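Right, one structure below, let's go through it.
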């Protein structure tokens, strides 16, 4: 068994990053604490089976025995103490290793220098590849991640379509990448080297090839790596991103020499496509109470399914609100329209005040109207009732 395991790469137990090393220590300490119960129980199980075997006539036989205060104390106090230790360890680790918490040390006994600026990396999980944007350097890469040794790294993570999990075992623990949400991870590489990162959450057909290379480099090597990326002829515009976003498998590493500085924010808010309202803008409208009746006809419905409006069979045709009225008002309008036919060229939408093509098909053409005040309308049509018609 030792020879077979000798060929394994124990990367989780032998990381190169300080955060991953602290997580390894938590794993080892927790395992040792639990072994304080597991090992004695397994040993006593074997001992009792041997001592009280049928052939051992010298073993003490007490069929009326039912209680021992000393044994109860041992049985309950030992696990309780271990649970208290595990709880304290978990509580401290949860706060000290919070992925959103900025680093306060590079390694044990080595605090982060006061003038150190973290390296910002914006991460986007695509189908099925990883996009890394370096806003400070003005470059982007696909399936190729690099960082200088000893400099804190601040990852801002999102996804384009489905949920993935960003994980570099040598660097830090995994954290989820979700569309429309931004997660964060702070980490640092303490030794130069190359390792592999991947998605640890199943995300579809190309999941098995969703790997990327992570390089921990010296400052000089990182500057050289950045210069090579800037020498690329590819540019990451919004149009280029929409092409890159399409599902593809086993994608080789790519580099982009120039990026749209607003791209990550647009990806996060699901508005990379021209003319699409950003999610944060919609939330701002909702926070102010919505657009109201006057503006409802001016907003096209927003479909955030990443593939629904790109030629797939599941994408519905775009639609918009033509008018807002009750069934009674519609009946009145149809009656007036039948008595005085209106032009089929345009129809005035009540509330929005926008000329739109008149309704066609089985309904006759009409001009929706508004009665001058609430009292005459209710006296003529009766109490107003809400309707989805």
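Numbering (the working numbering), first residue to last: 170 to 558. Even glycine gets a Cβ: it sits at the ideal position worked out from N, Cα and C. Every value quoted in this text rests on a predicted model; they were computed, and no experiment measured them.
- Residues of the same chain with their beta carbon placed closer than 8 Å to that of residue 250 are lacking, with the five preceding and five following residues left out of the count.
- DSSP places residue 430 in the coil class of the three-state scheme, outside both helix and strand.
- Just measuring C-alpha positions, the residue of 333, 192, 242 sitting nearest residue 375 is 333.
- Comparing alpha-carbon positions, the option among 194, 379, 497 lying closest to residue 299 turns out to be 379.
- DSSP, reduced to helix, strand and coil, places residue 400 outside both helices and strands of the structure shown, so it counts as coil.
- DSSP, read as helix, strand or coil, puts residue 297 in coil.
- Within 10 angstroms of the beta-carbon of residue 363 lie fewer than 16 other beta-carbons, which makes it exposed.
- Distance from the CA atom of residue 261 to the CA atom of residue 224, rounded to whole angstroms, is 52 Å.
- Judged by their CB atoms, residue 337 and residue 319 are not nearer to each other than the 7 Å cut-off.
- Counting along the chain, no beta strand (DSSP E) covers residue 415, and no H or E run does either.
- When C-beta atoms of the segment 319-331 are compared with those of the segment 349-361, three or more pairs fall below 8 Å, so the two segments count as touching.
- The beta carbon of residue 185 sits closer than 7 Å to the beta carbons of 339, 358, 359, 360, 362, 385 from its chain, once the five residues preceding and following it are set aside; these are given in chain order.
- Residue 286 sits in coil when the DSSP states are folded into three classes, being neither helix nor strand.
- Here residue 309 really is in contact with residue 428; their C-beta atoms are around 5 Å apart, less than 8 Å.
- Under the three-state reduction of DSSP output, residue 319 falls in the coil class, being neither helix nor strand.
- In this structure, the straight-line span from the alpha carbon of residue 496 to that of residue 405 is close to 51 Å.
- An exposed status is given to residue 305, since fewer than 16 other beta-carbon atoms sit within 10 Å of its beta-carbon.
- Classified as buried, residue 425 has 16 or more neighbouring CB atoms from the shown chains inside 10 Å of its CB.
- Assignment of residue 223 by DSSP, reduced to helix, strand and coil, places it in the coil class.
- Judged by pairs of C-beta atoms under 8 Å, the segment 261-270 touches the segment 181-201, as three or more such pairs exist.
- In the three-state DSSP reduction, residue 241 falls in the helix class (H, G or I).
- A distance below 7 Å between beta-carbons, with the five flanking residues on each side excluded, links residue 199 to the following residues of its chain, in chain order: 255, 258.
- Where residue 504 is concerned, the enclosing alpha helix (DSSP H) starts and stops at 496-508.
- Contact between residue 272 and residue 321 holds, since their C-beta atoms are separated by about 5 Å, short of 8 Å.
- Taking the CA atoms as reference points, residue 288 sits about 18 Å from residue 342.
- One alpha carbon belongs to residue 422, the other to residue 171, and they sit about 36 Å apart.
- If you draw a 10 Å sphere on the C-beta of residue 234, you find fewer than 16 other C-beta atoms in it, and that means exposed.
- Residue state for residue 273 is assigned as coil, using DSSP reduced to three classes.
- Following the DSSP letters along the chain, one finds residue 453 inside the alpha helix (DSSP H) bounded by residues 448-456.
- In the structure shown, residue 352 falls within a strand segment according to DSSP collapsed to helix, strand and coil.
- When 202, 179, 431 are compared, the shortest CA-CA separation from residue 248 is found for 202.
- In this structure, the CA atom of residue 291 is about 10 Å from the CA atom of residue 437.
- If you compare the alpha carbons of 394, 222, 456 with that of residue 383, the shortest gap goes to 394.
- With contacts defined by Cβ atoms closer than 7 Å, residue 329 and residue 295 form a contacting pair.
- Shown here, residue 372 sits in coil according to DSSP, grouped into three states, outside any helix or strand.
- Per DSSP, the unbroken beta strand (DSSP E) holding residue 386 starts and ends at 380-386.
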